[in-house]
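Asker: Dropping a structure here in structure tokens format, bear with me for questions.
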């Protein structure tokens, strides 16, 4: 099979075609990249990403460690073992990019806090912390 992948610089596959009738041509100003690949393997944008011109299998996130520390009524939530270049959507909709492996936030009251972790190399993963 002849695959044509259109993907973002971080490796996220935007579109994939098998045996396209015409070659894909992008505008010079396009932020996307194109990879042509002949392979008998089966790929999907949901389970693969591109890394340095190689199609790779998306993996589960590694085990994310969570801790909560109560200090005089302020609760510090710490998540560790977060892969670099991970986008984290917090409970309030705030989005941060984590690159040092650790996310830390301080909350004022007990509740359930959700963090959605997204990284092109991993399937999306939600961490729920009960404070």
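Numbering (the numbering used here), first residue to last: 233 to 363. Ideal Cβ placement from N, Cα and C applies to all residues, glycine included.
Based on the DSSP secondary-structure assignment, which residues constitute the bridge partners of residue 237?
Answerer: The partner list for residue 237 (beta bridge, DSSP) reads 248 and 267.
Asker: Just to confirm my understanding: we take residue 299, look at its own chain, exclude 5 residues before and 5 after, and list those with CB closer than 6 Å. What are they?
Answerer: Result list for residue 299: 310, in chain order.
Asker: Confirm, please, whether the CB-CB distance from residue 308 to residue 301 is below 9 Å.
Answerer: Their beta carbons are under 9 Å apart, which means residue 301 touches residue 308 by this criterion.
Asker: Can you tell me which of the three DSSP states residue 302 falls into?
Answerer: Residue 302: strand per DSSP, three-state reduction.
Asker: Going straight from the alpha carbon of residue 259 to that of residue 253, what length do you get?
Answerer: Rounded to the nearest angstrom, the two C-alpha atoms are 19 Å apart.
Asker: Quick one: give me the first and last residue of the beta strand (DSSP E) that residue 350 is part of.
Answerer: Unbroken beta strand (DSSP E) run through residue 350: 344-351.
Asker: For residue 291, list the residues DSSP reports as bridge partners.
Answerer: Residue 291 is bridged to 354.
Asker: Roughly how many whole angstroms lie between the Cα atoms of residue 257 and residue 306?
Answerer: Each residue's Cα considered, the two are about 55 Å apart.
Asker: Measure the CB-CB distance between residue 315 and residue 351 and report whether it falls below 9 Å.
Answerer: Cβ atoms of residue 315 and residue 351: closer than 9 Å.
Asker: Among 237, 294, 319 and 288, which one has its Cα closest to the Cα of residue 267?
Answerer: Measuring from the Cα of residue 267, the nearest candidate turns out to be 237.
Asker: Among the residues of its own chain, which have a CB less than 6 Å from the CB of residue 287, if the five just before and after it don't count?
Answerer: Closer than 6 Å at the Cβ level, and outside the excluded window around residue 287, lie 275 and 280.
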